[in-house]
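To start, the structure itself, in structure tokens.
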DNA sequence: CATTTAAAACGTAATATTTACGATTTACAA
DNA sequence: TTGTAAATCGTAAATATTACGTTTTAAATG
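Residue numbers (our numbering), protein chains in the order written: chain A, 1 to 144; chain B, 1 to 144.
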């Protein structure tokens with residue numbers, strides 16, 4: 001997914017192309033990491049002071065629907081990031097400090113032999129959490 | 001983990017053995033599935049009407065600390081279940097309707113060759129979500 | 001360009017989950 | 001039995017998310 005691709009997705013699905021949506025796409029594109037709704041709002045308010053959570057959440061849900069962002073949750077908060085890896089199924093190493101990710105191309109579901117009995121699988125989650133090198137440095141410094 | 005083992009854990013770590021804690025352990029033992037804090041409170045209030053969330057959350061955190069319950073979160077809620085599988089590392093198939101689980105003994109981390117560079121792994125999560133057979137029936141019936 | 005209209009955003013409030021705190025009660029050891 | 005640290009109560013406060021009526025706006029149409 002690139003910036004233009006995301007904007008096209010909005011247009012293609014018949015959604016209005018507003019300055020705020022453009023900016024929101026840009027924020028995700030630029031950051032390319034998992035962001036909480038609060039972080040997104042903070043970035044957006046640099047350009048649109050007084051922007052409300054309603055607008056943020058509504059558009060985050062929309063972006064998730066049409067596949068501009070992918071989501072997960074950790075530490076009790078929902079997080080959103082610009083779709084990476086195109087249509088390819090993938091998983092992530094996630095830095096829980098800054099939300100930066102590294103893509104993992106192996107999927108454990110391939111190793112699960114056959115379908116389990118009496119159980120309809122609707123989804124799965126495989127994520128590796130940790131601290132990236134730059135956050136590791138930050139933590140070390142803050143403890144001096 | 002069995003019922004007595006959990007009670008021993010409390011005693012062994014020097015925590016007070018109260019009726020409420022005993023009941024709480026029993027609830028988890030009996031249900032043996034993931035429960036939300038709200039569900040736990042509901043069960044507990046059958047015996048202790050007026051029991052507060054404070055007590056629930058405090059003890060859930062304690063139980064997690066000393067290894068009586070294991071936790072996860074989905075659909076924006078933290079969930080708790082009686083530790084299963086002893087000390088053995090494992091993962092779960094989880095019915096997102098009722099919280100019942102099936103243990104998976106394979107761990108995808110074994111397939112990750114070597115440690116990633118510049119990244120300290122602190123944890124990982126592998127869960128398969130779906131609908132168990134009895135909930136599947138319930139849903140079908142409710143749609144009649 | 002003016003008009004129309006469906007969608008988006010605003011302002012604000014409600015809901016749900018989790019955490020916090022001073023006052024009171026209780027388990028347990030001395 | 002008594003003293004004390006821990007547990008619980010009652011209540012309130014954060015925190016995250018969702019909802020809704022009103023106003024504004026993008027963009028299609030004539």
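The beta-carbon is built from N, C-alpha and C at its ideal position, and this holds for glycine as well.
- Under 9 angstroms Cβ-Cβ, which residues of chain A neighbour residue 129 of chain B? As a working note, residue 129 of chain B is residue 129 in the second chain. Per Cβ cutoff of 9 angstroms: 121, 122, 123, 124, 125.
- Own chain residues within Cβ distance below 7 angstroms of residue 43 of chain A, not counting five before or after: In the first chain, the residue the question calls residue 43 of chain A occupies position 43. Closer than 7 angstroms at Cβ, skipping near neighbours: 27.
- Can you name the residues that DSSP bridges to residue 80 of chain A? Within the first chain, numbered from 1, the residue matching residue 80 of chain A stands at position 80. Residue pairing for residue 80 of chain A: DSSP places it in a beta bridge opposite A:35, A:71.
- Message: To be precise: take each residue of the segment 84-101 of chain A, compare its Cβ to all Cβ atoms of chain B, and keep it if any distance is under 9 angstroms. Which residues remain?
- Response: If the cut-off is 9 angstroms between Cβ atoms, the segment 84-101 of chain A has 91, 93, 95, 96 near chain B.
- Message: What would DSSP say about residue 127 of chain B, mapped onto helix, strand or coil?
- Response: For the purposes of this step, residue 127 of chain B is taken as the residue at position 127 of the second chain. Note: residue 127 of chain B maps to strand in three-state DSSP.
- Message: In the DSSP assignment, the beta strand (DSSP E) including residue 93 of chain B goes from what residue to what residue?
- Response: Numbered from 1 along the second chain, position 93 holds the residue referred to as residue 93 of chain B. Here the beta strand (DSSP E) through residue 93 of chain B covers 91-95.
- Task: Measuring only between beta-carbons, confirm whether residue 106 of chain B sits less than 8 angstroms from chain A.
- Result: The sequence position of residue 106 of chain B within the second chain is 106, counting from 1. Yes, residue 106 of chain B lies at the interface with chain A (some Cβ there is under 8 angstroms from its Cβ).
- Item | Own chain partners of residue 23 of chain B with C-beta closer than 8 angstroms, once the 5 adjacent residues on each side are dropped | Within the second chain, residue 23 of chain B is the residue found at index 23, counting from 1. Around residue 23 of chain B: 44, 47, 48.
- Query: Ends of the alpha helix (DSSP H) at residue 18 of chain B?
  - Reply: Stepping through the second chain from its first residue, residue 18 of chain B is reached at position 18. Unbroken run through residue 18 of chain B: none, as it is neither H nor E.
- Just curious, the alpha helix (DSSP H) that residue 56 of chain B is in, first and last residue? Reading the second chain from its first residue, position 56 is the one you call residue 56 of chain B. Residue 56 of chain B -> alpha helix (DSSP H) spans 53-65.
- Message: So, under 8 angstroms CB-CB, residue 126 of chain A and residue 102 of chain B are touching, yes? Tell me the CB distance rounded to an integer number of Å.
- Response: In the first chain, residue 126 of chain A corresponds to position 126, counting from 1. In the second chain, residue 102 of chain B corresponds to position 102, counting from 1. That pair is no contact at about 17 angstroms.
- Message: Out of B:97, B:38, B:85, B:122, which one is the CA nearest neighbour of residue 105 of chain B?
- Response: Along the second chain, read from residue 1 onward, the residue named residue 105 of chain B stands at position 105. B:85 is the residue among B:97, B:38, B:85, B:122 whose C-alpha sits nearest the C-alpha of residue 105 of chain B.
- Task: With residue 104 of chain A as the anchor, note down where its beta strand (DSSP E) starts and where it stops.
- Result: If you number the first chain from 1, residue 104 of chain A lands on position 104. Residues 101-104.
- Task: Kindly say whether residue 111 of chain B, judged by its beta-carbon, lies nearer than 8 angstroms to any beta-carbon of chain A.
- Result: On the second chain, residue 111 of chain B is found 111 positions in, with the first residue counted as 1. Closer than 8 angstroms to some Cβ of chain A, the Cβ of residue 111 of chain B qualifies, so yes.
- Task: Please find out if some non-hydrogen atom of the ligand HEM comes closer than 7 angstroms to the beta-carbon of residue 14 of chain A.
- Result: Judged by which ligands are present, the structure shown has none, so any question about the ligand HEM falls away.
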